[in-house]
Structures are given as structure tokens and as C-alpha cells.
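Number of protein chains: 2
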Amino acid sequence: MSSADTSQAGGDRRKRSDARRNAQTLLDAAAAVFARAGVDAPVRDIAAEAGVGMGTVYRHFPTRPDLVVAVFRHQVDALAATPTGASGEDAETPYDVLRSWVARFTDFLVTKHGLAEALHSDQAGFESLHAEFVDRLVPVLGQLLQASVDAGQIRADVRPLDLMIAIGNLCIGAGTFPGYRARHMVDVLLAGLAHGAPASTDGDEPRARTGS
Amino acid sequence: MSSADTSQAGGDRRKRSDARRNAQTLLDAAAAVFARAGVDAPVRDIAAEAGVGMGTVYRHFPTRPDLVVAVFRHQVDALAATPTGASGEDAETPYDVLRSWVARFTDFLVTKHGLAEALHSDQAGFESLHAEFVDRLVPVLGQLLQASVDAGQIRADVRPLDLMIAIGNLCIGAGTFPGYRARHMVDVLLAGLAHGAPASTDGDEPRARTGS
DNA sequence: CGAATATACGGAGCATCGCTCCGCTTGGCA
DNA sequence: TGCCAAGCGGAGCGATGCTCCGTATATTCG
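Chains D and L supply the protein sequences, listed in that same order.
According to the UniProt record's numbering, the first sequence is numbered sequentially starting from 1.
According to the UniProt record's numbering, the second sequence is numbered sequentially starting from 1.
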């Protein structure tokens, strides 16, 4: 599912050698172009960088987002592969683990110029890119969240999807707006996560605490 | 400044009558189309809705964002015109005032389909749209923030621009992603604002509190 | 009231996208 | 070596933001 079964660069042994090579070349070229011009870079540029034609790009990656997904697959995998205890430290509290995972996620989004932006643009079927992130990362975030809730360290009224999208959103413009510090605002959000539950802020119930 | 001196619909008495009328027609048509198809709607559609040609649109509003700015000008004005005490209630604490202003800002962004998204897309000179919002609203937010800081109700390490962009970002996808509740996450962010300062969360200093 | 002229209009057209289509090239195999 | 399917390249399509300029008309002046 999620549209990115796109032959994964050099994995497929049944393809012709030039096809396999081109897929990898394309991946490298895309990574280079994305780093240089952001993930919004025209597909034509990527084709040119790789020294192939438009057709070749689209044969390997049927749609632009598929290419983006493929380029960042490794890093999403890394993020998805840390259910608990990033570095094996079991002494950390669940909330600490949550914090460090979120920090890594934030770094990832902030580092890749325009990735966070692309995650949300409704244009050109970028929803598959979004779906990829949601499918892979929401479960992990769900575990981290639940553990912190169970430990009584955070409020229980924030769902994994809410938090994931919120973090992704906060990272938008990180490299674009000079004065905006995305990481800092993610920190503030996490602080709010930790304190909303025990005492509701100011004695003033937020509003519309819909659903669980 | 900010590129939106664009004749303001019907204000200019020196223009030809048909020009004045068309400007207003365009504004109405744009509002209708934005409501129906989001602020990303093609300029051609707006021209068609208004029953005028492309040239007319661009003569009145030199660039797409200028049109968007003009359409939402009234509401931005309303937001900008409330330095303190939304409804004259002086008994509220500064933090309450901040909260209610932010709630109105959030409602505004969430209501207009795609406005929050458009605020951040780097494409097609949308930075003028962003500039408009920043110029008008950051000062107000600055006052609200400072008052709350002075009252000791919120942490002092969040600047107006940070908060404004953060809120705008959190509203992205409000109407697009079914499960995402933007308002709720804005609440969480505000909760973090209130609690980060006094006691740093868990005894564990967040991380990299880069330059106060 | 009727002509003159600046002002405004309309929409064809340009450049840039994402993506498709199809004739040509080339790798892999007998 | 020769065959043919897998693969390739890039012209081309439709959409979009924005420009340009010949045409229509509101306004003014005799």
C-alpha cells in the first residue's frame, strides 16, 4: 500500500541492469537536488541531474511524492524502528523517551528543506507522501504517548495523529522564516502536553474536549 | 508598504466608474470562489466568476496574494484592532486575554479553507501575504505576550513571531485531515506557554535553549 | 449633443509545472 | 550474431500565474 512499492532502487533482481542502475542514479540525483533546491524542485531538474529523460523518472517513480518517499525512506525507517529507549537507556522515564524521539523527528523535518511543507500541500497527490509518514510513524508515536500517559506524565487527550501532524506543522518554515525557531515551539508544545492533564492550565477548561 | 495598496475596492474616487465597480465585483467573486474552492483557486476561475477578463483581475490586484490579502483585509483588521480586552472585560487576566485572542485568530485561520496553507507556501510570491499577516498581527501579539509575561503567567522565552507562525502552522490541514484537531493543539501549545517558565517540566532542562 | 482621449477591458499568449505517450535503443539470451 | 521485449528519451498535453496590446468605453470638452 501507500503507493511506494516502487522497486526500491537496486533491490529488484528481475529488472534489466540499466534499469536498476538508473533507479539508483535517480535516487542519488533526487537527494542532491532536494538538498540544493528543496523537495519542491521540478522533476525535470532531477531528470537532468541524473542524466535521464522524463519518462525514466516517471517509470521508476510514478508520481513525484513517490520519489520523495523513496529518497527519505531510510530515515523514516530509522524513526519507525525505535519503539522505546533510543539508545538502550531503560532508566529514562517514558516522557523522556517521548521527548527524545520527538527531537529526532523534529531534526529530520527541519533538516530537509521543504519536507515539512511538502507533507501538507494538497496539490499533486502529495497525500501519498503524507500517508507514508502517518502509516509508519503514528504507531510508534502512539506507543510513546501511551507509555507517558500510563506513567501519569502527560495529559491523555492528545492522540498520536494530532501530535504527529502538529509537530510536522510546527516545522514548516523552519529554514524559510529567519526569526522562526521551530524546535523551540515543539518544545513548548511538549511542555503543554506534560502539564495540561494534572491541572487544567488556569482553572479555565480549554474547550470542546471532544472524544476520549 | 506590503504591496496591498491595490486600490481597495471602491475607495478611489478618481477611477472610472466601471473600474471601481469591477474592483468590488472582483472582491466579491474572489470571496465566493475562495469559500467554494479554497484560496488556491485559479485566478481564471475568479475572473470567470466575476465575469471579467484576466487582465482586469491583474490590473486591480497585481499578484494573486494581493487579492487574497484584500479579501481578508476586514478580518485581519478586526484581529489587529484588539490590543487588550476583547469585549471590554478588564477583569480578565492578561493570559485570559491572550487565550481569547488566539482563539479568535485560530478560528479565523481554520474557517478559511486553505488560508493557513497559503500563508506558508513559498511559491508565487505568497510571502507578501505572509508579510501582511506578520506586519499587522505580530505587534498585537507582542503586547498580549508581554502583558502575560509581566503578570508572571507565561514563560518569557517565546517571541511574538514564533508564536504567530506556530499558531498559523498548527492550523494547517485543519479542514483537510479528518482526524486532526487544530484548535486542540493550539490549546496544548498555549498550555506549554503557561507552564514552561516556572518549573522546567520534569527537572530535565529541555535542550538547546538557543539564545534567549 | 457629439467627438476626442485617456482609461480600462479582454483574452490570446508566454513560461513553467506535473505527467503521458510512443517511436527508438539496448540489454539479455539462444 | 540476431532477435525482441524491457527500457529509454523527450516532445507534447493540460493547467496555472502573469503579461501584452489591440479594442471598447467612460468622461470631458467644445
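We put the beta carbon where it would ideally sit given N, CA and C, even for glycine.
Just so you know, these numbers come straight off a predicted model, no measurement behind them.
Pick from the options that is closest to residue i, judged by C-alpha positions
i               : options                           : result
D18 of chain D  : D:T56, D:R155, D:T63 and D:V149   : D:T56
G38 of chain D  : D:A194, D:V110, D:A48 and D:A50   : D:V110
L170 of chain L : L:P178, L:R183 and L:T176         : L:R183
R155 of chain D : D:A23, D:G192 and D:R44           : D:G192
Q24 of chain L  : L:F108, L:G51, L:Q143 and L:L144  : L:G51
N22 of chain L  : L:P42, L:F34, L:P178 and L:A48    : L:A48
L119 of chain D : D:R64, D:A80, D:L27 and D:Q146    : D:R64
R59 of chain L  : L:R20, L:A78, L:P94 and L:D28     : L:R20
F108 of chain L : L:A81, L:R136, L:T93 and L:F72    : L:F72
D77 of chain L  : L:V140, L:P178 and L:A41          : L:V140
D187 of chain L : D:D66, D:A29 and D:D162           : D:D162
L190 of chain D : D:P178, D:Y180, D:L144 and D:I172 : D:L144
I113 of chain L : L:V68, L:D45 and L:D96            : Reading the sequence as shown, one finds His at residue 113 of chain L and not Ile. Ranking the options by Cα distance to H113 of chain L, first place goes to L:V68.
A174 of chain D : L:I165, L:F133, L:P160 and L:P94  : L:I165
R181 of chain L : D:R181, D:F177, D:V158 and D:G179 : D:V158
Y95 of chain D  : D:A147, D:G179 and D:A30          : D:A147
G142 of chain D : D:G53, D:T82, D:P178 and D:T176   : D:T82
Simplified DSSP state of residue i, which is helix, strand or coil
i               : result
R181 of chain D : coil
G51 of chain L  : coil
Q8 of chain L   : The predicted position of Q8 of chain L is uncertain, since its pLDDT is 49 and thus under 50; a value taken from the coordinates is nonetheless stated next. The answer is coil: DSSP assigns Q8 of chain L none of H, G, I, E or B.
G168 of chain L : helix
H120 of chain D : coil
V158 of chain L : coil
R209 of chain L : With a pLDDT of 38 at R209 of chain L, under the threshold of 50, the predicted position of this residue should be treated as unreliable, though the coordinate-derived value follows. Coil at R209 of chain L, not helix or strand.
A151 of chain L : coil
F133 of chain D : helix
A194 of chain L : helix
P139 of chain L : helix
D40 of chain L  : coil
R59 of chain D  : helix
R14 of chain L  : coil
A86 of chain L  : Residue confidence for A86 of chain L is low, a pLDDT of 48 falling below 50, so the modelled location carries little weight and cannot support an answer.
N-terminal and C-terminal residue of the alpha helix (DSSP H) that residue i is part of
i              : result
R64 of chain L : R64 to A80
F34 of chain D : S17 to A37
R99 of chain L : P94 to T111
(request) Closer than 7 Å, Cβ to Cβ, to anything on chain L: give me those residues from the region 138-151 of chain D, in chain order. (result) none
(request) Residues of the region 166-180 of chain D with a CB closer than 7 Å to any CB of chain L: list them in chain order, please. (result) A166, N169, L170, I172, G173, T176, F177, G179 and Y180
(message) Tell me which residues of the UniProt domain "HTH tetR-type" (20-79) of chain D have at least one Cβ-Cβ distance to chain L shorter than 9 Å, keeping chain order.
(response) Against chain L - using a Cβ distance shorter than 9 Å - the residues of the UniProt domain "HTH tetR-type" (20-79) of chain D are G38 and D40.
(request) Quick one: which residues of the region 183-197 of chain D get their C-beta closer than 8 Å to a C-beta of chain L? List them in chain order. (result) R183, H184, M185, D187, V188, L189, L190, A191, G192, L193, A194, H195 and G196
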